[in-house]
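>
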Amino acid sequence: MTRTRRRPYADQRPQDLGGGVSSVPVPIPGNPLGYTLVYAIDSPAGPVLVDAGWNHHDAWQALHTGLAAVSVDVRNVRGVVVTHFHPDHAGLAGRVREESGAWIAMHEADAQLVKLIRGLGESEHRDFQSEMMRRAGAGAHEMPSVADVRPEAPAQPDLELRDGDLIDVPGRVLRAVHTPGHTPGHLCLHLEDAARLFTGDHILPDITPHIGIYPYDRDDVDPLADFLSSLDRVAGLGPAEALPAHEWTFPDAAARAAEIRSHHEDKLERLAALVTEPLTIWEIAARMTWNRSWDDLSPVLRGMAAGEAAAHLRALEARGLIRRLPEVDPVRFVAVHS
Ligand SMILES: [Zn+2]
Numbered sequence: 000m001t002r003t004r005r006r007p008y009a010d011q012r013p014q015d016l017g018g019g020v021s022s023v024p025v026p027i028p029g030n031p032l033g034y035t036l037v038y039a040i041d042s043p044a045g046p047v048l049v050d051a052g053w054n055h056h057d058a059w060q061a062l063h064t065g066l067a068a069v070s071v072d073v074r075n076v077r078g079v080v081v082t083h084f085h086p087d088h089a090g091l092a093g094r095v096r097e098e099s100g101a102w103i104a105m106h107e108a109d110a111q112l113v114k115l116i117r118g119l120g121e122s123e124h125r126d127f128q129s130e131m132m133r134r135a136g137a138g139a140h141e142m143p144s145v146a147d148v149r150p151e152a153p154a155q156p157d158l159e160l161r162d163g164d165l166i167d168v169p170g171r172v173l174r175a176v177h178t179p180g181h182t183p184g185h186l187c188l189h190l191e192d193a194a195r196l197f198t199g200d201h202i203l204p205d206i207t208p209h210i211g212i213y214p215y216d217r218d219d220v221d222p223l224a225d226f227l228s229s230l231d232r233v234a235g236l237g238p239a240e241a242l243p244a245h246e247w248t249f250p251d252a253a254a255r256a257a258e259i260r261s262h263h264e265d266k267l268e269r270l271a272a273l274v275t276e277p278l279t280i281w282e283i284a285a286r287m288t289w290n291r292s293w294d295d296l297s298p299v300l301r302g303m304a305a306g307e308a309a310a311h312l313r314a315l316e317a318r319g320l321i322r323r324l325p326e327v328d329p330v331r332f333v334a335v336h337s
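Numbering (numbering that gives the first Met the number 0), first residue to last: 0 to 337.
#1: Taking all protein chains shown into account, do 16 or more other C-beta atoms lie within 10 angstroms of the C-beta of Val80, making it buried, or fewer, making it exposed?
#2: When burial is assigned at 16 or more other CB atoms within 10 Å of the CB, is Gln60 buried or exposed?
#3: List the endpoints of the continuous beta strand (DSSP E) containing Leu324.
#4: Select from Pro24, Gly120 and Val233 the residue whose C-alpha is nearest the C-alpha of His189.
#5: Can you say whether Asn290 is buried or exposed, counting buried as having 16 or more other CB atoms within 10 angstroms of its CB?
#6: Arg331 lies in the beta strand (DSSP E); which residues open and close that run?
#7: Please look up how many angstroms separate the CB atoms of Tyr8 and Pro24, rounded, as I've assumed it's under 8 Å.
#8: Quick one: what's got a C-beta closer than 7 Å to Ala194's C-beta in the same chain, skipping five residues either side?
#9: Can you tell me whether Thr35 sits near ligand 1, meaning its C-beta is under 7 Å from at least one heavy atom of the ligand?
#10: Answer with buried or exposed for Gly90, where buried requires no fewer than 16 other C-beta atoms within 10 angstroms of its C-beta.
#11: Would you report the Cα separation of Thr1 and Arg301, rounded to the nearest angstrom?
#12: Unbroken beta strand (DSSP E) runs of length 3 or more, entirely within the stretch 180-247: which are they?
#13: What is the chain-ordered set of residues for which the beta carbon lies under 6 Å from any non-hydrogen atom of ligand 1?
#14: Determine, using beta carbons only, whether Glu348 and Ile206 come nearer to each other than 8 Å.
#15: Measure the Cβ-Cβ separation of Leu270 and His209 and say whether it is below 8 Å.
#16: Would you check whether ligand 3 has a heavy atom nearer than 7 Å to the C-beta of Gly78?
#17: Let me confirm a value: Gly29 is counted as buried when at least 16 other C-beta atoms fall within 10 Å, else exposed. Which label applies?
#18: Using a Cβ-Cβ cut-off of 6 Å (strictly less than) and excluding sequence neighbours within five positions of Asp87, which residues of its own chain qualify?
#19: Only counting the same chain, and skipping five residues up and downstream in sequence, which positions put a Cβ closer than 6 Å to that of Leu165?
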């Protein structure tokens, strides 16, 4: 997460972007990100939405009236394709389905996570959180309240997508491009007949998406490596206008993908230089540079920072540049040559 040239929600308006595509800003109450851009793609069989926004009364009102402003009646929506399961994207999909009978589609890997979240009780979530933090070297006082970190479970999708699938938008060619990293099932949606790419959170014009690993000490996945390959994947799609889920649209998805890649390579280099003695994930996170000083980060933001640190550590480990000490608890990492 880097510094941002934020544009407030109050300045946003529903917009006809031409070519049968409109965007509607939907507020994310209490979140500095401000809003989600929900896109509507016209079709003779009813519009299809890309993402739906946060499940909140004000957000629903904004979606409803915003769609009306671009001549879309929410009751006619044919389907909602969700870029990923996070609540600012999938939150209102269930409400749209209730209102219109629309299908909800998302990648099968995120659909699995939705199932998992829906089945997780509050005490299981608390146990998962505290055990994860303990193994990362965080003190018990660092625990955020469960209410702050427990994700709201989005609606279960009707359709599970895989890479390369065509989305049911009659008259258009909209293809699912699997871009794991921000979530395991993140999708970009390529409107191939118009050289436009709905980038979700994968590629945003000014900020970079959170790439984390949970639990922090997992060594069987490498979300940052996945994310970097997903950036290359987008660059390989050819010229496309980017229609992201936050901030604003911009002309060249591939150029921004290359910028974000080098941002992470720089971060990896700085991180490798920092792990000169065995350190816990928490100690490492506290020494990294964030958009605020570590002391000023809330427990929730510290938890996310630790997730981000862990994802970068895991990538360095997979590249053979750092290693985790065997059989120590909490886990400690150290540079390979020291
Ligand atoms: Zn988002």
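Where is the CB? At the ideal position from N, CA and C, for every residue including glycine.
Well, looking at it:
#1: If you draw a 10 Å sphere on the C-beta of Val80, you find 16 or more other C-beta atoms in it, and that means buried.
#2: exposed
#3: Annotation: Leu324 is outside any beta strand (DSSP E) and is labelled neither H nor E by DSSP.
#4: Val233
#5: exposed
#6: Where Arg331 is concerned, the enclosing beta strand (DSSP E) stretches over Arg331 to Ala334.
#7: 6 Å
#8: Hits under 7 Å: Pro238, Ala239 and Glu240.
#9: yes
#10: Buried: at least 16 other Cβ atoms inside 10 Å.
#11: Its pLDDT being 46, under 50, Thr1 is placed unreliably in this model, and the value from its coordinates should be taken loosely. Whole-angstrom Cα-Cα distance: 15 Å.
#12: 186-190, 195-199 and 240-243
#13: Environment of ligand 1, chain-ordered: His85, Asp87, His88, Asp200, Ala244 and His245, taking every residue with Cβ within less than 6 Å of a heavy atom.
#14: Nothing can be reported for residue 348, as the shown portion of the chain is limited to 0 through 337.
#15: no
#16: This structure does not include ligand 3; its bound ligands are ligand 1.
#17: Under this definition Gly29 is an exposed residue.
#18: Ile27, Thr35 and Trp53
#19: Arg174
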